[in-house]
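Structure record follows, encoded as structure tokens.
Residue numbers (our numbering): 1049 to 1220.
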């Protein structure tokens, strides 16, 4: 057996090792959380929304990404065949569902058009009726998903942008 002095030295060394390990773990957690909170998100131009009818689905990149008050070039509208379907399921990714977003359903009878707004985390999938609930003769023509996101301006500075994804039905 060692002397009391040797045991005390081992105890001090063991406490020092434990302290170093704890400091290393805390530092690693701090740097991980800092990286996670400050990492750049997916640019709005690259986020895809999906429309699904039965086994068929279509994905869309944004139809438009606009700073407020700026001229906004329009992109392409994705198309999905709704022939014989009762509903179209719109699925938004987490980047959108954690924000307030809206879904505009446009029918061939303007009186049947509707817009629904979802609060952050409320929904990531929504079913849209192909025939209007109030007017069975009104058929779905266009669906648009919109939300306010952070994008970048021409100088690379973060700025709020309105992002819109658009789907058109094929039998409209």
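Backbone N, C-alpha and C define an ideal beta-carbon position, used for all residues, glycine too.
Here the structure is a predicted model, which means the values were calculated and not measured.
#### Entry: Cα-Cα separation, residue 1220 to residue 1099
Residue placement at residue 1220 cannot be trusted, given a pLDDT of 44 that sits under 50; the coordinates are not used to answer.
### Message
Using C-beta distances below 6 Å, list every residue in its chain close to residue 1216, excluding the 5 sequence neighbours before and after it, in chain order.
### Response
Closer than 6 Å at Cβ, skipping near neighbours: 1125, 1127 and 1190.
### Query
Buried or exposed: which applies to residue 1237, given that a residue is buried once 16 or more other Cβ atoms fall within 10 Å of its Cβ?
Since the displayed the chain opens at 1049 and closes at 1220, residue 1237 lies outside it and no answer follows.
### Query
What is the DSSP secondary structure of residue 1220, counted as helix, strand or coil?
For residue 1220, the pLDDT reaches just 44, beneath the cut-off of 50, and the residue's location in the model is therefore unreliable, although a value from the coordinates is still provided. It is coil, neither helix nor strand.
### Message
Three Cβ pairs or more, each shorter than 8 Å: is that satisfied between the segment 1138–1151 and the segment 1169–1189?
### Response
Touching, per the Cβ criterion.
### Query
Under a Cβ-count criterion, where at least 16 other Cβ atoms within 10 Å of its own Cβ denotes burial, should residue 1081 be classed as buried or exposed?
In summary, residue 1081 is exposed, with fewer than 16 beta-carbon neighbours lying within 10 Å of its beta-carbon over all protein chains present.
### Query
If you drop the 5 nearest sequence neighbours on each side, which residues of the same chain put their C-beta closer than 6 Å to that of residue 1144?
Excluding residues up to 5 positions away in sequence, 1195 lie with their Cβ nearer than 6 Å to the Cβ of residue 1144 in the same chain.
### Task
Just tell me which of 1109, 1115 and 1186 has its CA closest to the CA of residue 1134.
Looking from the CA of residue 1134, the closest CA among 1109, 1115 and 1186 belongs to 1186.
### Task
Compare the beta carbon distance of residue 1151 and residue 1161 with 9 Å and say whether it is the shorter of the two.
Taking 9 Å as the Cβ cut-off, residue 1151 and residue 1161 do not qualify as a contacting pair.
### Task
Excluding the 5 residues preceding and the 5 following residue 1155 in the sequence, name in chain order all residues of the same chain whose CB lies nearer than 7 Å to its CB.
If we look at residue 1155 and ignore the five residues flanking it on each side, its Cβ neighbours are 1161, 1180, 1186, 1187, 1188 and 1189.
### Query
At which residues does the alpha helix (DSSP H) containing residue 1133 begin and terminate?
Residue 1133 -> no alpha helix (DSSP H), and no H or E assigned at all.
### Query
Under the three-state reduction of DSSP, which class applies to residue 1108: helix, strand or coil?
Three-state DSSP puts residue 1108 in a strand.
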